[in-house]
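If you read the sequence shown in the numbering used here, its first letter stands for residue 2, the second for the next number, and so on.
We put the beta carbon where it would ideally sit given N, CA and C, even for glycine.
As the structure is a prediction and not an experimental result, all values here were calculated from the model.
Okay, structure first, notes after.
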Amino acid sequence: MMLTPLDDDLAQMLEHRLGKLLRAQRIGTLAPDGKAEITRTMRALSGRTGPANLVLMAGLPGAGKTTLARELEQRGFLRLCPDERVWQKHGHYGRDFPRGQYKVRERPIMAEVAIELRTALTAGRAVVLDHGLWTVVERQEWSRIGQDAGAAVTLVHLPGEVDALWKRIKERNEATFNDPNAMFFTRDDLQRHANRFSPPGLDESHVVYNGRPGSVLTELGWDD
2 MMLTPLDDDL
12 AQMLEHRLGK
22 LLRAQRIGTL
32 APDGKAEITR
42 TMRALSGRTG
52 PANLVLMAGL
62 PGAGKTTLAR
72 ELEQRGFLRL
82 CPDERVWQKH
92 GHYGRDFPRG
102 QYKVRERPIM
112 AEVAIELRTA
122 LTAGRAVVLD
132 HGLWTVVERQ
142 EWSRIGQDAG
152 AAVTLVHLPG
162 EVDALWKRIK
172 ERNEATFNDP
182 NAMFFTRDDL
192 QRHANRFSPP
202 GLDESHVVYN
212 GRPGSVLTEL
222 GWDD
C-alpha cells in the first residue's frame, strides 16, 4: 500500500474532522456510517491511499476456496482460515471431538478472526477469509465488518456440482488426519451441506470464480 504525504492544511482539516467523529462515538451520537468514516480518515492521516481489499468466498467443501486463498496469500494477502484454527486447538473433526460440536467450537474462533480482520484492514492490509459463507446473513455480516473498516469487499462465488465436489473430497479424505483443510466428509455430509448452501443471487454483488486465481486478481485491480 502506497503512502502519500499530506500538506499541512489538509492534515489539519482531517484531524479536526476525526476529533468530531471520535467525540460523537464517545457520547453515542455517531452516524451509522461513522465508523467507516473514522477508518478512512485515520488511513488518510497515515498517508495510505485507496481502500484495503477484503475477499470473501461462498462455496461448498471441495470447491477450491483454500487453493484460491493460498494463491492470494502468495500475492500479499493475509489469509485467515478458521478451520485451521479449530484443528489446531481442538484436533480432528469427528475423531478428537464429536461431529455435532463443530459449530460450538468454531464460534469463539470466528470472533477472534473478526477482530484480526478489522485490525488488518484498518492497517491497510489486504485480507482473504478462507471460509465458505453459506448464507446471505453470514455474507452480510462479514461484508459489514469489512465496510466498517473502510475496505473494498469482493465476494467470490465458487460454484460446484455435488458429484464433481464429491470426487475431489474422496481424494482429500485420504489426507484428513494430516491436513486441517481436509476434514473427513461422507457423501451424505456433502449433500446435507449442499442443501443448506444458498449461492449468491442477483441481489448480491459477486464474482463467479472460473478456476483461475488470476481472474480474481484482475477483478480486484491487482496485476496478474
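So what's residue i in DSSP terms, helix, strand or just coil?
| i | result |
| --- | --- |
| Asn196 | helix |
| Arg169 | helix |
| Ala59 | strand |
| Asp225 | For Asp225, the predicted structure reports a pLDDT of 46, less than 50, and the residue's modelled location is therefore unreliable. A value from the coordinates is still provided. Here Asp225 sits in coil by DSSP. |
| Leu218 | helix |
| Gly65 | coil |
| Glu175 | coil |
| Trp143 | helix |
| Ala32 | coil |
| Thr187 | coil |
| Ala124 | coil |
| Thr42 | helix |
| Pro109 | helix |
| Trp88 | helix |
Would the beta-carbon of residue i be found less than 7 angstroms away from any heavy atom of the ligand PLP?
| i | result |
| --- | --- |
| Thr42 | The model depicted lacks the ligand PLP and carries no ligand whatsoever. |
Taking DSSP's pairing of strands, which residues face residue i in a bridge?
| i | result |
| --- | --- |
| Asn54 | Ala153 |
| Arg80 | Val129 |
| His158 | Ala59 and Val209 |
Under the assumption that residue i contacts residue j (Cβ atoms under 8 angstroms), give the Cβ distance between them as a whole number of angstroms.
| i | j | result |
| --- | --- | --- |
| Pro274 | Pro214 | Lying outside 2 to 225, the shown extent of the chain, residue 274 is not represented and no answer is given. |
| Ile110 | Val87 | 6 angstroms |
| Leu81 | Val114 | 5 angstroms |
| Trp223 | Arg76 | 7 angstroms |
Can you give me the Cβ contacts of residue i inside the same chain, cut-off strictly under 6 angstroms, excluding the 5 residues immediately before and after it?
| i | result |
| --- | --- |
| Asp225 | Only weak support is given to the placement of Asp225: the predicted model assigns it a pLDDT of 46, under 50, and the value that follows is read from those uncertain coordinates. Closer than 6 angstroms at the Cβ level, and outside the excluded window around Asp225, lie Gly215, Leu218 and Thr219. |
| His132 | Pro83 |
| Thr73 | Note that residue 73 is Leu in the sequence shown here, rather than Thr. Within the same chain, Leu73 has close Cβ partners Val129. |
| Ala64 | Leu159 and Gly161 |
| Leu69 | Pro214 |
| Asn174 | Phe185 |
Excluding five sequence neighbours on each side, which residues of the same chain lie with their C-beta closer than 7 angstroms to the C-beta of residue i?
| i | result |
| --- | --- |
| Leu11 | none |
| Arg126 | Ala53 and Leu79 |
| Trp143 | Leu57, Leu130 and Leu134 |
| Val154 | Leu55, Leu57, Ser144, Gly147 and Gln148 |
| Trp167 | Arg188 and Leu191 |
| Arg169 | Gly63 |
| Glu38 | Leu22 |
Here's a check: name, in chain order, each residue in its chain whose Cβ is nearer than 8 angstroms to the Cβ of residue i, leaving out the five neighbours to either side.
| i | result |
| --- | --- |
| Gly35 | Leu22, Ala25 and Gln26 |
Practice problem: Take every Cβ of the region 13-24, pair it with every Cβ of the region 132-146, and state whether three or more of those distances are shorter than 8 angstroms. | Solution: no
Quiz item: Touch check for the region 149-156 and the region 114-132: three-plus C-beta pairs under 8 angstroms?
Solution: In short, these stretches touch, since the Cβ pair count reaches three.
Quiz item: Hey, is the region 54-65 in contact with the region 194-208, meaning 3+ C-beta pairs nearer than 8 angstroms?
Solution: yes
Exercise. Please confirm if the region 162-169 is in contact with the region 186-200, defined as three or more CB-CB distances below 8 angstroms between the two stretches.
Key: yes
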